[in-house]
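Peer 1: Protein chains in written order, with our numbering: chain S, 31 to 357; chain E, 31 to 357. For each residue, glycine too, the CB sits at the ideal point set by N, CA and C.
Number of protein chains: 2
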Amino acid sequence: MNTQKTYAIGVDLGGTNTVFGIVDRSGNILAQASIKTQAYPTAEAFVEVGVQTLLPLIQQVGGIDQIAGMGIGAPNANYYTGAIETAPNIAWAHERIVPLAQMFSSSLSPLSPVFLTNDANAAAMGEMAYGAARHMKDFIVITLGTGVGSGIVTGGQLLYGHDGFAGELGHVIMVRGQEGRPCGCGRTGCLETYCSATGVARTARELLTTTDRPSLLRQKPLDQIESLDVSIAASQGDQLALDIFRFTGTLLGQACADFAAFSSPEAFIFFGGLCRAGELIMQPIREAYERSVMPIYRGKAQFLVSPLMDTNAAVLGASALVWGDQK
Amino acid sequence: MNTQKTYAIGVDLGGTNTVFGIVDRSGNILAQASIKTQAYPTAEAFVEVGVQTLLPLIQQVGGIDQIAGMGIGAPNANYYTGAIETAPNIAWAHERIVPLAQMFSSSLSPLSPVFLTNDANAAAMGEMAYGAARHMKDFIVITLGTGVGSGIVTGGQLLYGHDGFAGELGHVIMVRGQEGRPCGCGRTGCLETYCSATGVARTARELLTTTDRPSLLRQKPLDQIESLDVSIAASQGDQLALDIFRFTGTLLGQACADFAAFSSPEAFIFFGGLCRAGELIMQPIREAYERSVMPIYRGKAQFLVSPLMDTNAAVLGASALVWGDQK
Numbered sequence: 031m032n033t034q035k036t037y038a039i040g041v042d043l044g045g046t047n048t049v050f051g052i053v054d055r056s057g058n059i060l061a062q063a064s065i066k067t068q069a070y071p072t073a074e075a076f077v078e079v080g081v082q083t084l085l086p087l088i089q090q091v092g093g094i095d096q097i098a099g100m101g102i103g104a105p106n107a108n109y110y111t112g113a114i115e116t117a118p119n120i121a122w123a124h125e126r127i128v129p130l131a132q133m134f135s136s137s138l139s140p141l142s143p144v145f146l147t148n149d150a151n152a153a154a155m156g157e158m159a160y161g162a163a164r165h166m167k168d169f170i171v172i173t174l175g176t177g178v179g180s181g182i183v184t185g186g187q188l189l190y191g192h193d194g195f196a197g198e199l200g201h202v203i204m205v206r207g208q209e210g211r212p213c214g215c216g217r218t219g220c221l222e223t224y225c226s227a228t229g230v231a232r233t234a235r236e237l238l239t240t241t242d243r244p245s246l247l248r249q250k251p252l253d254q255i256e257s258l259d260v261s262i263a264a265s266q267g268d269q270l271a272l273d274i275f276r277f278t279g280t281l282l283g284q285a286c287a288d289f290a291a292f293s294s295p296e297a298f299i300f301f302g303g304l305c306r307a308g309e310l311i312m313q314p315i316r317e318a319y320e321r322s323v324m325p326i327y328r329g330k331a332q333f334l335v336s337p338l339m340d341t342n343a344a345v346l347g348a349s350a351l352v353w354g355d356q357k
Numbered sequence: 031m032n033t034q035k036t037y038a039i040g041v042d043l044g045g046t047n048t049v050f051g052i053v054d055r056s057g058n059i060l061a062q063a064s065i066k067t068q069a070y071p072t073a074e075a076f077v078e079v080g081v082q083t084l085l086p087l088i089q090q091v092g093g094i095d096q097i098a099g100m101g102i103g104a105p106n107a108n109y110y111t112g113a114i115e116t117a118p119n120i121a122w123a124h125e126r127i128v129p130l131a132q133m134f135s136s137s138l139s140p141l142s143p144v145f146l147t148n149d150a151n152a153a154a155m156g157e158m159a160y161g162a163a164r165h166m167k168d169f170i171v172i173t174l175g176t177g178v179g180s181g182i183v184t185g186g187q188l189l190y191g192h193d194g195f196a197g198e199l200g201h202v203i204m205v206r207g208q209e210g211r212p213c214g215c216g217r218t219g220c221l222e223t224y225c226s227a228t229g230v231a232r233t234a235r236e237l238l239t240t241t242d243r244p245s246l247l248r249q250k251p252l253d254q255i256e257s258l259d260v261s262i263a264a265s266q267g268d269q270l271a272l273d274i275f276r277f278t279g280t281l282l283g284q285a286c287a288d289f290a291a292f293s294s295p296e297a298f299i300f301f302g303g304l305c306r307a308g309e310l311i312m313q314p315i316r317e318a319y320e321r322s323v324m325p326i327y328r329g330k331a332q333f334l335v336s337p338l339m340d341t342n343a344a345v346l347g348a349s350a351l352v353w354g355d356q357k
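1) Quick one: list the residues of chain S neighbouring VAL202/E, beta-carbon separation under 7 Å, in chain order.
2) Can you give me, in chain order, the residues of the segment 324–337 of chain S that have a beta carbon less than 8 Å from any beta carbon in chain E?
3) Excluding five sequence neighbours on each side, which residues of the same chain lie with their C-beta closer than 8 Å to the C-beta of ASN32/E?
4) Do we get a CB-CB distance below 7 Å when we pair SER191/S with the residues of chain E?
5) Contact check, ILE203/S vs GLY179/S under 8 Å by CB: the rounded distance?
6) Whole alpha helix (DSSP H) runs in the segment 247–325 of chain E with 4 or more residues, listed along the chain?
7) Looking only at C-alpha atoms, which of GLN68/E, THR46/E and CYS305/E sits nearest to PRO337/E?
8) Can a CB atom of chain E be found closer than 7 Å to the CB of THR184/S?
9) Between ALA154/E and chain S, is any beta-carbon pair separated by less than 7 Å?
10) Mapping the DSSP letters down to three states, classify VAL230/S as helix, strand or coil.
11) Give a yes or no on whether 7 Å exceeds the smallest Cβ distance from GLY216/E to chain S.
12) Answer with yes or no whether the minimum CB distance from LYS357/E to chain S is below 7 Å.
13) Please state whether DSSP places GLN332/S in a helix, a strand or coil.
14) Chain E partners of LEU310/S, CB-CB under 9 Å?
15) Going along the chain, which residues of its own chain have a beta-carbon closer than 6 Å to the beta-carbon of GLY194/E, five neighbours each way excluded?
16) Could one say the Cβ of GLU222/S lies closer than 7 Å to chain E's Cβ atoms, at least one of them?
17) Using 8 Å for Cβ pairs, my map puts LEU281/S next to LEU310/S. What's the rounded Cβ distance?
18) Could you work out which residues of chain S lie near PHE195/E, taking near to mean beta carbons separated by less than 8 Å?
19) What residues in its chain sit with their C-beta under 7 Å from that of VAL79/S, if we drop five residues either side in the sequence?
20) Grab the span of the beta strand (DSSP E) containing PHE169/S for me, first residue to last.
21) Are ALA364/E and GLY161/E close, meaning C-beta to C-beta below 7 Å?
22) Taking 8 Å as the threshold, find out whether the segment 278–294 of chain E comes into contact with the segment 289–297 of chain S through three or more Cβ pairs.
23) What does DSSP give as the partner residues of PHE145/S in its beta bridges?
24) How would you label GLN82/E, buried or exposed, when you count the other beta carbons within 10 angstroms and need 16 or more for buried?
25) Leaving out five residues on either side along the sequence, give the residues of the same chain with a beta carbon under 8 Å from the beta carbon of GLN386/E.
26) In whole angstroms, give me the CA-to-CA distance for GLY216/S and PRO325/E.
27) Look at the alpha carbon of VAL352/S and the alpha carbon of ASP42/E, and state the distance between them as a whole number of angstroms.
28) Taking a contact to mean a Cβ-Cβ separation below 7 Å, would you say ALA231/E touches GLU256/E in this structure?
29) 7 Å is my cut-off, CB to CB: does GLU317/S come that close to chain C?
30) ASP42/S CB to nearest chain E CB: under 7 Å?
31) Taking the DSSP output, what are the residues bridged to PRO212/E?
Here it is, written out as structure tokens:
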């Protein structure tokens, strides 16, 4: 690969918007544009409009010869095949396997390499290239959003597993048996059902229904309560809301204690809206971890909030797939 | 490194015996000798006698110039530092950090490289070089002995973590809270307390005490029951013993379902005395795994019993550390 090429394309393909960015090696986004992900009947039409959107950005930085490659972060992405595999939330990828990396590669002049990975893996690459994990080789990024995602780096490499689908830590079982909460994956008791933004709202509704404890949260109709409401109430000192964060953080800390027994990371890096609660959630995570973890790991791991949350982290992370390949 | 050198030294350092072997690239042990691990007052005395034991073996295969390196499997071993760190069961390493790799290296002419890793990691290297994991890059070896150990390989590399202590899967928590069994690690509910040979005996004693179910196991004093007794009773069709294997295998299968969400391995390879029960334990493992695992992993992983159990697997595995470095 020509290491003179100084820019990488990063693509954040989400359920609503797809953002294209041109990123330099220092993590500056020099040009950016977006399209609606679902406005196209087929994957082919989506790629065609994507390429038309990208070409003027590429011209801005001196043409395709300046581009070292492209990285795409997307749901249900398989790194090994470069394909989106039957993504339930994307109409043009719902019932088929879309070889997206290959399609972009051949449509762009051609451009090579083009990498595809899932959102949380892209976030982990972004942390290693530009964020909290610079100079780290062993860390885990945990994304606390609508779901709980994870990107695991061991020995400086993203962990993909034999089929490309490793790192689904939102779906380890935290509550076994009947009493576990039903999960979107079809099972019960997954970490995600408790510790995602959705899980936090679910905990709030459970506590408001099963207890008569006073709370600011009672000012809102039960079915409209979101995790943000819990954050706001907690920041106002509402004890029920504080207890919800303590419960959520405690489960996360216990889960991280099991993850340590797996890959003994130097740091756990948290990303996503729930982290904006800051110490309200980070303190119970750390406390539960140190209390729960096997003694040989105690006191060794850092618990960090991603510094990239207010940037276009997904575009940065996707672009970092290109530099990761050049080491 | 000189790839002409055709032999590696493998050392299995156990609590009772230390076995030295000279191994060729095909996994044949050409010469072998052993000493008592604890017969020496200091680590220095142990290494001195170890070297005296090794030298005639080395002469048998043509001298030190034929030796590509040395691998040592030992408890509480840190791969990164090459040291045994305060091993509770080895008197000369109980209260100090013993730089064993360095000590053997400088005493043998010198010999380089000398690798040190824990027993289960050595077992994983052995499977990759000579056993069930040839041609695999992502697999987990689970050793079911006095404890439960693990060696995790991802992308063809042993997973060590940032401090060298990754892969303690015997210490993920399977039963949270008060009712978890106390573990030697100081916590409660660890996989090891249920699924080791000791755990199986513990389950037997619990069932014999808390129920009045008939069983062949009642012919033996409660405090003398071992996992082997449970195996023998099960092979004779004893229902209580069969239920113990089903319980043990079910917990292992559920644990493996969580491990899949971490590293999505191609195979789980089981090693150790409990595996001699064959399908009595392997069938419940597979069934619980397929029932418990996230749908994207279902039907993908193999569950294998190590083919190396009747060989000197620990010596083979330790020697494989040398070849692993030459790739």
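Peer 2: The relevant details are as follows:
1) ASP288 and ALA291
2) Only MET324, PRO325, ILE326, TYR327 and LYS330 from the segment 324–337 of chain S bring a Cβ to less than 8 Å from some Cβ of chain E.
3) Low per-residue confidence applies at ASN32/E: pLDDT is 47, beneath 50, and the placement is therefore not dependable, though the value from the model is reported in the following sentence. Taking C-beta separations shorter than 8 Å and ignoring five residues to either side along the sequence, the partners of ASN32/E in its chain run ALA98, following chain order.
4) One detail in the question is off: residue 191/S reads as Gly in this sequence, not Ser. Interface residue, yes.
5) For a cut-off of 8 Å, the C-beta gap from ILE203/S to GLY179/S is around 17 Å, too long to register as a contact.
6) For the segment 247–325 of chain E, the continuous alpha helix (DSSP H) assignments of 4+ residues that do not extend past its boundaries occur at 257–265, 269–293 and 309–322, in sequence order.
7) Checked all of GLN68/E, THR46/E and CYS305/E; the closest Cα to PRO337/E is CYS305/E.
8) By this cut-off, THR184/S is an interface position.
9) no
10) The DSSP-derived three-state label of VAL230/S is helix.
11) Among the CB atoms of chain S, one or more fall inside 7 Å of the CB of GLY216/E.
12) Unreliable positioning characterises LYS357/E in this predicted model, as indicated by a pLDDT of 48, which lies under 50. A coordinate reading is not provided.
13) strand
14) Simply none; closest approach about 23 Å.
15) ASN108, TYR109 and TYR110
16) no
17) In fact, because the Cβ distance is near 15 Å, the residues do not count as touching under 8 Å.
18) SER294, ILE326 and TYR327
19) ILE65 and TYR70
20) 169–174
21) Here chain E comprises residues numbered 31 to 357, so residue 364/E is not present and cannot be evaluated.
22) yes
23) GLY101/S
24) Burial call: exposed.
25) The question about residue 386/E has no answer here: the residues shown for chain E are numbered 31 through 357.
26) A direct Cα-to-Cα measurement between GLY216/S and PRO325/E gives close to 8 Å.
27) 43 Å
28) Cβ distance < 7 Å, so ALA231/E and GLU256/E count as in contact.
29) Here chain C cannot be found, since the structure's protein chains are S and E.
30) Not one chain E Cβ lies under 7 Å of ASP42/S.
31) THR218/E
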